[in-house]
Amino acid sequence: MDWASFLQSLANGILIAGLYAAVTLGLTLVLGVMGIVNFAHGELVMLGAYSTFWLFTLLGIDPMLSIPMSGLILFFIGLPIYRFTIRPILKDPPLNQLLLTLGISIFLQNLAMILWKADSRAVITSYSGMSLHLGMVHVGLTRLVTFLIAVTLTIFLVLFLYKARPGRAMRAVSENNTASWLIGINVQKTYLLAFGVASGLAGASGALVSTIMYTFPMVGFKLSLKAFCILILGGLGNIPGALFGSLILGLTESFVGTYVPEGSGWAEGISFMLIMVILIIKPTGLAGTRRE
Amino acid sequence: MENIFLLQVKKLTKHFGGLAAVQNVSFEIRRGEIVSLIGPNGAGKTTIFNLISGVYAPDSGEILLDNENLVGRRPFEVCQKGIGRTFQIMQPFPHMTVLENVMTSGLFGRVPKISMRQAKEETMELCQLVGLGDKQKAFPRNLTVADQKRIEIARALAVKPKLLLLDEVMSGLTPTETGEAIKLVRRLRENGTAIFLIEHVMKVVMGISDRVIVLHHGEKIAEGTSTEVANDPKVIQAYLGEHIDESEEASC
Amino acid sequence: MIFYPKLVDSYFLHLTVATFLAMIMASSWDILARTGQVSVGQAGLFGIGAYTAALLYQKVHLPPVLGMLAGAILAMIVAIFLGYLTLRLRGIYFAITTIAFAEALSVIWLMTPGVTGGAMGVSTPPLFNGNREHAYYLILIILALVIFVVWLIESSRLNFAFTAIRENEEVANVMGINPTRYKVLAFMISAFFTGFAGGFYSHYNTYIIPYEVFGLGISIACLVMPIFGGLYTIAGPIIGTILIKSIEEYLRVTFSYGHQIAYGLILVVVVLFMPEGLLGLWKKKIFPLFVRVRQ
Chain A
111 MDWASFLQSL ANGILIAGLY AAVTLGLTLV LGVMGIVNFA HGELVMLGAY STFWLFTLLG
171 IDPMLSIPMS GLILFFIGLP IYRFTIRPIL KDPPLNQLLL TLGISIFLQN LAMILWKADS
231 RAVITSYSGM SLHLGMVHVG LTRLVTFLIA VTLTIFLVLF LYKARPGRAM RAVSENNTAS
291 WLIGINVQKT YLLAFGVASG LAGASGALVS TIMYTFPMVG FKLSLKAFCI LILGGLGNIP
351 GALFGSLILG LTESFVGTYV PEGSGWAEGI SFMLIMVILI IKPTGLAGTR RE
Chain C
47 MENIFLLQVK KLTKHFGGLA AVQNVSFEIR RGEIVSLIGP NGAGKTTIFN LISGVYAPDS
107 GEILLDNENL VGRRPFEVCQ KGIGRTFQIM QPFPHMTVLE NVMTSGLFGR VPKISMRQAK
167 EETMELCQLV GLGDKQKAFP RNLTVADQKR IEIARALAVK PKLLLLDEVM SGLTPTETGE
227 AIKLVRRLRE NGTAIFLIEH VMKVVMGISD RVIVLHHGEK IAEGTSTEVA NDPKVIQAYL
287 GEHIDESEEA SC
Chain R
31 MIFYPKLVDS YFLHLTVATF LAMIMASSWD ILARTGQVSV GQAGLFGIGA YTAALLYQKV
91 HLPPVLGMLA GAILAMIVAI FLGYLTLRLR GIYFAITTIA FAEALSVIWL MTPGVTGGAM
151 GVSTPPLFNG NREHAYYLIL IILALVIFVV WLIESSRLNF AFTAIRENEE VANVMGINPT
211 RYKVLAFMIS AFFTGFAGGF YSHYNTYIIP YEVFGLGISI ACLVMPIFGG LYTIAGPIIG
271 TILIKSIEEY LRVTFSYGHQ IAYGLILVVV VLFMPEGLLG LWKKKIFPLF VRVRQ
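Chains as they are written, first to last, in the working numbering: chain A, 111 to 402; chain C, 47 to 298; chain R, 31 to 325.
Structure, rendered in structure tokens:
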């Protein structure tokens with residue numbers, strides 16, 4: 111048994127799972143708090159990636175430093191998106207919500223293509239190629255830092271949801287909308303903030319994405335599908351589920367990449383196949399919680 | 047060999063989460079009988095309807111229609127076996143006219159399938175029967191509550207059911223409308239349809255039921271004629287236990 | 031309609047053929063939408079049709095029109111399987127599954143170049159030896175067929191079943207309608223024509239690659255046109271297609287990439303301001319103005 115490959119796959123899987131989790135956090139937050147599946151979430155991540163790329167290319171700002179900046183930029187982009195397109199359809203049938211967020215997604219994808227062309231961009235820093243050797247395993251420095259930051263983001267989010275007032279308001283609203291309103295929580299403002307925070311998380315995770323993957327207009331779409339896969343794997347609208355799902359997806363992709371012939375190509379398709387298989391077997395997703 | 051019992055429900059049980067919505071309920075309904083199902087709010091009455099019509103699957107128990115097991119059948123199969131039902135919260139198809147709403151049942155609920163022309167003719171007759179004769183081309187959203195209830199009933203009747211499940215059709219009707227509804231139910235029984243009603247309006251229950259079944263916290267606590275049930279101490283207890291007196295409130 | 035090709039030049043003829051093709055796809059999408067299921071993965075079926083026709087030509091020299099037919103049939107068969115497995119899903123999950131379906135096919139195609147030609151794609155000689163007029167007539171016939179089928183559906187009991195399922199699936203079920211069976215039926219019909227369109231495209235375009243025929247762009251195009259024009263109608267997808275194709279053509283010459291930005295904008299605008307599409311807008315807002323003016 112080739113321990114080196116096994117451990118390497120394991121390590122890679124865990125590291126990428128961190129990134130996937132960061133990407134899915136915002137999607138989970140919006141779904142949990144207001145019950146909307148935001149098809150455009152991936153595009154917000156994409157914008158975060160581009161924002162980091164341009165900050166790096168034009169202003170020389172290190173991607174790790176621009177994480178909060180991209181996060182902030184997307185937070186402020188998310189607010190008007192919520193106000194003008196999401197808020198009006200909060201009570202609409204889910205299919206309308208689907209079409210609307212899908213429309214935003216398509217719009218942003220194509221906007222990116224028009225503004226920045228379809229070329230793939232890479233953020234290459236002085237430390238991009240470095241890796242650490244931990245025993246038998248090589249760990250890319252960027253990947254490791256990305257993983258750690260993703261974990262940090264998750265911890266921040268959890269702290270926010272449990273300790274900060276607006277965060278607790280979000281949790282209350284996600285459990286019971288009417289009761290929250292009755293006790294004086296401004297539900298509309300909570301929704302607005304939740305969407306903003308989710309967009310900020312998307313932006314921050316986009317910054318991380320730009321350091322590990324190529325940045326191009328469709329990168330958001332690819333990540334969206336992985337995020338949906340994670341939601342379905344882990345249960346909808348809850349954070350532990352998102353972490354669990356991310357781990358499963360990350361590890362599966364990694365092991366397929368190592369052990370299946372030509373696995374790196376097939377690994378890309380894992381999320382799609384998982385989506386189909388799981389939904390076919392269990393139409394309400396693995397954890398089975400149906401959010402009404 | 048025809049069974050005198052049209053519907054037999056044996057030891058029906060259904061849990062939601064940890065809660066027993068329906069516990070060990072058994073009863074029968076004969077052909078042409080009018081049976082009412084009463085009980086305080088949350089007693090499990092609509093759940094029983096949902097179990098019979100196949101919307102929910104029971105955790106245990108049997109449901110036999112003309113000796114044929116209905117458990118495990120999907121709602122459309124149950125419908126085609128001869129059970130029609132209305133919904134407590136009226137749900138007519140919003141983008142279809144009254145005529146089209148009722149035709150839909152006729153076209154798909156009947157076995158063997160009938161032609162479009164026949165469905166249309168039968169539907170027009172049915173609309174006359176329930177009092178919607180001049181409103182066939184109207185859309186449900188423009189009609190009164192009473193008329194929407196008529197649509198529900200007509201839809202259920204269009205499948206020519208052996209057993210009709212009526213879920214609180216009398217609530218919210220004026221005294222005149224209630225009288226018309228009662229006449230309609232009696233006429234249906236004369237045509238051979240067995241009718242199983244969930245009702246809160248006690249006057250109606252006492253007036254038209256051959257038998258009454260009382261449900262409380264998911265269990266059957268009494269069964270008998272209206273007088274027997276009205277005087278049953280368990281029943282009185284169940285209703286007094288609720289703070290709101292149902293029978294007064296329902297006629298508003 | 032019949033003399034049209036004689037009257038216009040090659041560019042417009044091509045544009046018309048492309049528009050008719052889009053109408054076929056839009057109307058097909060609408061057929062499934064009538065049951066309340068939104069597919070965002072029509073590209074999967076389109077691609078199957080395209081590759082069936084192209085590969086059958088490449089391997090056994092199957093004449094193009096037969097190849098298109100084969101593509102349509104195969105797409106239909108795939109839809110039956112996929113449909114039974116996934117049409118029980120609620121709206122959003124079905125939509126996600128269809129996206130996953132198309133993307134999964136794309137990956138499979140890229141990873142099996144020996145059989146499918148992989149990323150390099152497959153080419154075929156020009157349809158009808160480049161005679162655009164014949165292509166025009168073929169696509170016109172198929173379009174007429176699609177419209178006829180939709181008209182048949184609208185005048186039969188299928189219309190009742192589809193509408194009932196769409197408006198309230200649970201109630202429809204209780205009324206004797208088997209929702210899955212009718213949804214699969216709608217999906218099958220939709221897939222047949224979408225597959226045929228794919229087959230036509232592969233021969234007409236002479237070259238196909240997975241990225242394109244299984245691509246999200248196709249799936250989005252299929253749904254924007256009927257939504258814009260007016261769902262669940264015959265005229266809606268047609269009108270929507272004409273307008274969108276015109277907008278798209280204008281944008282295509284302005285920007286080489288990203289012309290689908292209009293699609294995104296239209297979807298957002300329609301959902302927010304005119305959920306019943308152009309036809310709904312006409313019926314509710316514009317036509318009544320004429321009536322009032324006359325009075």
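Here a beta-carbon is modelled for each residue, glycine too, at the ideal position from N, C-alpha and C.
From a predicted model like this one, the values you see are computed outputs, not experimental measurements.
Check, Outcome
"Tell whether a beta-carbon distance below 7 angstroms holds between Gln72/R and Trp59/R.", "yes"
"Rounded to a whole number of angstroms, what is the C-alpha to C-alpha distance between Leu175/A and Leu115/R?", "47 angstroms"
"Spatial neighbours of Met47/C within its chain, please: C-beta separation below 6 angstroms, excluding the five flanking residues on both sides.", "Since pLDDT at Met47/C reaches only 49, below the 50 mark, its modelled position is unreliable, and the value read off the structure follows with that caveat. Taken in chain order, the list of residues that qualify is empty."
"Rounded C-beta distance between Gly85/C and Leu286/C? I'm assuming under 8 angstroms.", "With 8 angstroms as the limit, Gly85/C and Leu286/C do not qualify as a contact, their Cβ atoms being about 13 angstroms apart."
"Compute the Euclidean distance between the alpha carbons of Lys181/C and Val144/C, then round it to the nearest angstrom.", "7 angstroms"
"Strictly under 7 angstroms for the Cβ-Cβ distance: is Asn206/A near chain R by that measure?", "yes"
"How about Ala240/C and Gly78/C: are their beta carbons less than 7 angstroms apart?", "yes"
"Between Phe365/A and chain R, is the shortest Cβ-Cβ distance under 7 angstroms, so that the two count as touching?", "no"
"Can you check DSSP and say which residues form a bridge with Ile244/C?", "Leu83/C, Asp213/C"
"Consider the Cβ of Gly307/R: report whether some Cβ of chain C lies at a distance smaller than 7 angstroms.", "no"
"Give the interface partners of Tyr403/R over in chain A, defined as CB-CB distance under 9 angstroms, in chain order.", "This structure leaves residue 403/R out entirely; chain R is present only between 31 and 325."
"Use the C-beta contact count for Leu37/R: other C-beta atoms within 10 angstroms, 16 or more gives buried, fewer gives exposed.", "exposed"
"Could you confirm whether any beta carbon from chain R is found closer than 7 angstroms to the beta carbon of Glu378/A?", "yes"
"Quick check on DSSP: helix, strand or coil for Lys181/C?", "helix"
"What are the start and end residues of the beta strand (DSSP E) that includes Lys56/C?", "51 to 62"
"Excluding the 5 residues preceding and the 5 following Ser284/A in the sequence, name in chain order all residues of the same chain whose CB lies nearer than 6 angstroms to its CB.", "Gly142, Val143"
"Please check if any C-beta of chain R sits within less than 7 angstroms of the C-beta of Leu211/C.", "no"
"Since Arg231/A sits in a beta bridge, which residues does DSSP pair it with?", "Thr325/A"
"Suppose only complete runs of 4+ residues qualify. What are the alpha helix (DSSP H) ranges in the stretch 295 to 345 of chain A, listed by chain order?", "297 to 322, 329 to 344"
"Taking only the alpha-carbon atoms, compute the straight-line gap between Thr263/R and Leu62/R and give it to the nearest angstrom.", "12 angstroms"
"Taking the beta carbon of Gln164/C as the centre, do at least 16 other beta carbons fall within 10 Å, making it buried, or is it exposed?", "exposed"
"Looking only at its chain, what residues have a beta carbon closer than 6 angstroms to the beta carbon of Phe33/R, apart from the 5 residues adjacent to it on each side?", "none"
"Using a Cβ cut-off of 7 angstroms (strictly closer), state whether Glu197/R contacts chain C.", "yes"
"Assess, as a yes-or-no matter, whether the stretch 370 to 387 of chain A is touched by the stretch 134 to 146 of chain R under the definition of 3 or more beta carbon pairs within less than 8 angstroms.", "yes"
"Taking the alpha carbon of Ala221/R as the point to measure from, which residue in Asp39/R, Ser69/R, Leu43/R, Thr49/R has its own alpha carbon closest?", "Ser69/R"
"Compare the Cα-Cα distances from Phe62/C to each of Leu116/C, Pro104/C, Ile50/C and report the closest residue.", "Pro104/C"
"Could you say if the stretch 355 to 370 of chain A and the stretch 112 to 128 of chain R meet the contact criterion of at least three C-beta pairs nearer than 8 angstroms?", "no"
"So, does the CB of Arg187/R fall closer than 7 angstroms to a CB anywhere in chain C?", "yes"
"Distance cutoff 7 angstroms, beta carbons only. Does Thr169/C sit that close to anything in chain R?", "no"
"Under 7 angstroms, do Val68/C and Arg257/C count as touching if we go by C-beta distance?", "no"
"Can Gly288/R and Asn220/A be called in contact, C-beta distance under 7 angstroms?", "yes"
"What does the alpha-carbon distance come out to for the pair Ala48/R and Ile388/A?", "37 angstroms"
"Would Phe223/R and Ile107/R qualify as a contact pair, given that the criterion is a beta-carbon distance under 7 angstroms?", "no"
"Taking only three categories from DSSP, how would you classify Gly118/R?", "The residue asked about is misnamed: residue 118/R is Arg in this sequence, not Gly. Coil, per DSSP."
"Assuming Gln369/C is part of the beta strand (DSSP E), what are its boundary residues?", "Look at the range of chain C in this structure, 47 to 298, and you will see that residue 369/C is not part of it."
"Measuring alpha carbon to alpha carbon, tell me which of Met205/R, Thr46/R, Phe217/R, Thr128/R ends up nearest Ile110/R.", "Phe217/R"
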